[in-house]
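Trainee: If you read the sequence shown in full-length UniProt numbering, its first letter stands for residue 1, the second for the next number, and so on.
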Amino acid sequence: MEAQLYNQLLNDHTPMLRTFAYRFTRDNEEVDDLMQDTMIKAIKNYGQFKEGTNIKAWLFTILRNTFINEYRRNTRKNALITTEKEISSAHLSQSATSNAGEANFAMADIQKALASIPEHYRIPFVKYFEGYKYEEIAVELNIPIGTVKTRIHMARQILQKKLKPYRSAV
């Protein structure tokens, strides 16, 4: 495919790509950045596009993957950034002492709520909470993985209802 025809196809699909990008970002400035990154990648990878294939799908895939990669990069970056206030010993000790009594009440309520969940929901939930993977729980309990996921989900819903007063306090 000639470069001029390829560039024309890119321009023809820009409005649809922009709409698609807005669904991801919900911010016009971020849409501009995402569109720019997508177009740069599409132009750089001009040689990889096979004539006769669906260019629209190819462009949407580039845009989606660019968004996902940027989201992951930002998530990792934000996880590494902490403020001095969050890690100061004075802040930690003040937080620990003021919440000790509340934590005891909360823990008792959590244990009561957990004990009230039917056993077939509680066991997979506790195992998952302890760090077991869905597959490991399914093998150990001899149930399908979908059942494990459903039971864990149901246990979470039950706990959320029973511990609703704590949700608004956070």
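Cβ coordinates follow ideal geometry from the N, Cα and C atoms, glycine included.
So the alpha helix (DSSP H) K133 belongs to, where does it begin and stop?
Mentor: Counting from 1 along the sequence shown, the entry for residue 133 is found at position 133. Premise fails: K133 is in no alpha helix (DSSP H) and is neither H nor E.
Trainee: For A141 versus P124, is the C-beta spacing smaller than 8 Å?
Mentor: Against the sequence shown, residue 141 aligns to sequence position 141. Against the sequence shown, residue 124 aligns to sequence position 124. At residue 141 the sequence reads Leu, which differs from the Ala that was named. The answer is yes: Cβ separation under 8 Å.
Trainee: Can you tell me where the alpha helix (DSSP H) holding R18 begins and where it ends?
Mentor: Translated into the one-based positions of the sequence shown, residue 18 becomes position 18. Counting along the chain, the alpha helix (DSSP H) containing R18 begins and ends at A3 to T25.
Trainee: Do the segment 104-118 and the segment 149-163 make contact, defined as three or more Cβ pairs closer than 8 Å?
Mentor: Contact between the segment 104-118 and the segment 149-163 is present, because at least three Cβ pairs lie under 8 Å.
Trainee: Taking the Cβ atom as the reference point for each residue, do I55 and L9 lie within a distance shorter than 8 Å?
Mentor: Stepping through the sequence shown from its first residue, residue 55 is reached at position 55. Stepping through the sequence shown from its first residue, residue 9 is reached at position 9. For I55 and L9, yes; Cβs fall inside 8 Å.
Trainee: Do the CB positions of V148 and A155 come within less than 8 Å of each other?
Mentor: In the sequence shown, the residue the question calls residue 148 occupies position 148. In the sequence shown, the residue the question calls residue 155 occupies position 155. Going by C-beta atoms, V148 is not nearer than 8 Å to A155.
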